[in-house]
Amino acid sequence: MSEFLVIVESPAKAKTIERYLGKKYKVKASMGHVRDLPKSQTGVDIENNYEPKYITIRGKGPVLKELKTAAKKAKKIYLAADPDREGEAIAWHLAHSLDLDVSSDCRVVFNEITKDAIKESFKHPRPINMDLVDAQQARRILDRLVGYNISPLLWKKIKKGLSAGRVQSVALRLIIDREKEINDFNPEEYWTIEAQFLKGKSTFQAAFYGKNGKKVALKSEEDVKEVLSAIQGNEFALKSVTKKERKRNPAPPFTTSSLQQEAARKLNFRAKKTMMLAQQLYEGIDLGKEGTVGLITYMRTDSTRISEVAQKEAAEFIESTHGKEYLKSAEKKPGKKSDQKQSNAQDAHEAIRPTSVLKEPGSLKEFLSRDQLRLYKLIWERFLASQMAPAVMDTVSADLVNNDIIFRATGSKVKFQGFMKVYVEGSDDTQEEKEKQLPNLEEGDKVTYESMDPKQHFTQPPPRYTEARLVKTLEELGIGRPSTFAPTLDTIQKRGYVALDNKRFIPTELGEIVHELMVEYFTDIVDVEFTAKMEKDLDSVEEGKVEWKKVIDEFYQEFKVDLAKAEEEIEKIEIKDEPAGEDCENCGHPMVFKMGRYGKFMACSNFPDCRNTKAIVKEIGVKCPKCEDGNIIERKSKKRRIFYGCDNFPECDFLSWDKPIERKCPKCEHMLVEKKLKKGVQIQCTECDYKEEPQV
């Protein structure tokens, strides 16, 4: 008989932890929550001080029975759910179901699933932290009061299957507000002048800066002509040359938010996929003879703190692999932000890092799937870089003057790679900092220009949100928490409130209708500042400063007034289907556009009598090169990846992952396609080696 019973959340963790703890310990999994609010009703007794009505989750009866049987045989029970609010709540529910004293030392927490971390955590069991539990209860009940009161209203007034929530409503508002900014944007004209200069045999570029020592904006072609006419001859004098040494610090190790953003930028992962893979790496991977090992620390965190043990191991690895000069200086902390816990960080967490920097990505290739390896490599490199010395850049700025007309040349080169030898943080901006070297320039030198290239530009509206940008914005505004970002983005897409166009969110008509209703009747719920304040109130509950039922009551007293008003005033909204412009080939009724889980499709307006549906065919204006009769159309695979095929399928089986274009290869007359690169596209031939210059 095992003397000790340990209960974790997942079977994957259970196997690993049992192996570390030895024969005296039996480790079982609760498979997540065992109790929750009922799905069939609100489950909150508003008249009885918001008392929640918890029930055993359907299907969890056998699991709970097995845990109770094991608990009766155990000398001591430890609850080892995840180290966050939700994990604390799971432990509390388990304690209630197993008749454990919450004030006893029954709770064990760890941020990584490694032998040393597990054994150390069992030396320091503690009581269940009821402040953490209450913060989670408050969040759950607030979300239930909002969702279970507004969602039925949306069902009744608009259509079935809709929902509203605190965080998702704000996320939808951000997307719709951004779309309005784009639609209302008035582009402004501006010009630039790029010049090619020559010093000796070396050429370099400089751009127009200003006149008479002051910066000047070129707003029209007339401004450009005025500048060009003022230039006398083709000789410029170097009036000032500034040379500086600039340090560039590494990015801090990952938090949940920054991991989701960087995985989107560099790996093209959706937030949901990133969290799924991170969960697998955290819970443990079978490494053959070594057994199952957790490869990263807990992945739901907004802290950038790193343990001293991990810092020391990283320092030793960096020194032995790259040399002592690549070590960060002891008195300075790395990264753009403090390594300490952020103001709203989850309790005493570390950043996301590898459990051992000695487990290099290359050594794990045979044990990890392709995507697991890519994400692990990203986490490993980011952590290692955060512990390395800053990069040192030599920068040069030179002003070239002709008759008080100033052109400015800037250049930089890496003097010392530092952390950049391992990893450089990605960016949402299309233009990345590029190394641009200048010839040796000194004050008083004379240079000549070879060409002037004036260009007209127009200011651009703010970009639509990608998943990465939206996650970053929600985090900056204090909306939601690490565990909420991925499910929030998933929900607003599943409900049909937004769609992805070129990996950017655009609101649908349905999303705009729901949002308008929310803005008119539930102002607080879609208000960014109100929602951020609510998150701070929940943090105050976690810190033991505020009673959780007081937070709920302050919200609900105003919310119920808004709810009653909405119930009375909102009239039934009919969403008319958009005509598709063609008739159904089965019954002759008009076809209309419908929005489904995977986007728009065509359906017969005579539904349910006629259930004919058709995919929306998008022609690209290119004839099929195989059968020469059909047209190439855009299609989507089961995984929603775009490819191109012939509309005569299945008679013609032509397909291409790259977009064909109308022009033929000038070299061999075969098909040209647009090949997507990391930045831009390149036109190339499908048969020969013909390629054109990439277009950014």
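For what it's worth, the numbering used here labels the leading residue of the sequence shown as 1, then goes sequentially. All C-beta atoms, glycine included, are put in the ideal place defined by N, C-alpha and C.
Opening and closing residue of the beta strand (DSSP E) in which residue i lies
i, result
"arginine 246", "235-248"
"asparagine 149", "First-last for asparagine 149: 130-157, but that is the alpha helix (DSSP H), not the beta strand (DSSP E)."
"glutamate 189", "189-199"
"proline 660", "659-664"
"isoleucine 620", "618-623"
"lysine 675", "671-676"
"valine 309", "Run containing valine 309: none in the beta strand (DSSP E); it sits in the alpha helix (DSSP H), 308-321."
Residue i Cβ short of 7 Å to the ligand GDP heavy atom set
i, result
"arginine 166", "As presented, the structure is devoid of all ligands, the ligand GDP included, so that no description of it is given."
Endpoints, alpha helix (DSSP H) assigned at residue i
i, result
"alanine 271", "271-283"
"proline 11", "11-21"
"valine 8", "Valine 8 -> not in any alpha helix (DSSP H); beta strand (DSSP E) instead, spanning 4-8."
"glycine 61", "61-73"
"glycine 511", "509-521"
"valine 227", "221-230"
"aspartate 537", "528-542"
"glutamate 580", "Sequence check: residue 580 is alanine here, not glutamate. Taken as a continuous stretch (DSSP letters only), alanine 580 belongs to no alpha helix (DSSP H), being part of the beta strand (DSSP E) at 578-583."
"glycine 87", "85-97"
"lysine 560", "548-569"
Exposure label - residue i; buried when at least 16 CB within 10 Å
i, result
"glutamate 624", "Checking the sequence, you will find cysteine at residue 624 rather than glutamate. When all chains shown are included, cysteine 624 counts as buried."
"lysine 60", "buried"
"aspartate 501", "exposed"
"cysteine 584", "buried"
"glutamate 188", "exposed"
"valine 551", "buried"
"glycine 444", "exposed"
"serine 637", "exposed"
"asparagine 48", "exposed"
"threonine 203", "exposed"
"glutamate 542", "buried"
"glycine 284", "buried"
"glycine 715", "Only positions 1 to 696 of the chain appear in the structure, and residue 715 is not among them; the question remains open."
"lysine 659", "buried"
"glutamate 179", "buried"
Same chain, Cβ closer than 6 Å to residue i, five either side skipped, listed in chain order
i, result
"proline 462", "Glu181"
"alanine 29", "Val8, Ser10, Pro11 and Ala14"
"valine 617", "Ile633"
"aspartate 524", "Phe530"
"methionine 420", "Ala391"
Any C-beta of chain C under 8 Å from that of residue i
i, result
"threonine 292", "Although the question refers to chain C, the structure presented lacks it and comprises just one protein chain."
For residue i, the residue or residues it bridges with in DSSP
i, result
"aspartate 394", "Glu245 and Lys413"
"cysteine 652", "Bridge partners of cysteine 652: none, in fact."
"glycine 213", "BP columns for glycine 213 are empty, so no partner."
"glutamine 695", "Val681"
"cysteine 646", "Ile632"
"histidine 457", "Tyr190"
"asparagine 402", "Ile405"
Spatial distance of residue i from residue j (CA atoms)
i, j, result
"glutamine 205", "glutamate 425", "27 Å"
"threonine 448", "glutamate 235", "4 Å"
"tyrosine 282", "valine 27", "17 Å"
"valine 102", "aspartate 134", "13 Å"
"alanine 95", "isoleucine 46", "25 Å"
"aspartate 347", "leucine 474", "At aspartate 347, the pLDDT of 40 sits below 50, so the modelled position is not reliable; the number obtained from the coordinates is stated separately. Cα-Cα distance, rounded: 20 Å."
"glutamine 196", "serine 427", "29 Å"
"isoleucine 158", "threonine 274", "34 Å"
"glutamate 567", "leucine 153", "7 Å"
"cysteine 668", "threonine 686", "10 Å"
"proline 454", "serine 220", "11 Å"
"isoleucine 661", "glutamine 684", "10 Å"
"lysine 289", "glycine 480", "41 Å"
"lysine 244", "tryptophan 380", "32 Å"
"lysine 697", "valine 224", "With the chain running from 1 to 696 in the structure shown, residue 697 is simply not present."
Same chain, Cβ closer than 7 Å to residue i, five either side skipped, listed in chain order
i, result
"glutamine 590", "Looking at the sequence provided, one finds proline at residue 590 rather than glutamine. These residues qualify, in order along the chain: Pro579, Asp583 and Ser605."
"glutamate 619", "Asn631 and Ile633"
"glycine 210", "Val216 and Ile406"
"leucine 655", "Phe643, Tyr644 and Gly645"
"glutamine 417", "Ala391"
"glutamate 512", "Ile176"
"leucine 368", "Ile285 and Tyr376"
"tryptophan 92", "Val102, Ile128 and Val133"
"arginine 126", "Asp105 and Arg107"
"cysteine 610", "Cys584, Asn586, Cys587, His589 and Cys604"
Close beta carbons around residue i, own chain, < 8 Å, minus the five adjacent residues each side
i, result
"glutamate 692", "Gln682, Ile683 and Gln684"
"glutamine 136", "Arg85, Glu86, Glu88 and Ala89"
"arginine 265", "Gly426, Ser427, Asp428 and Ala468"
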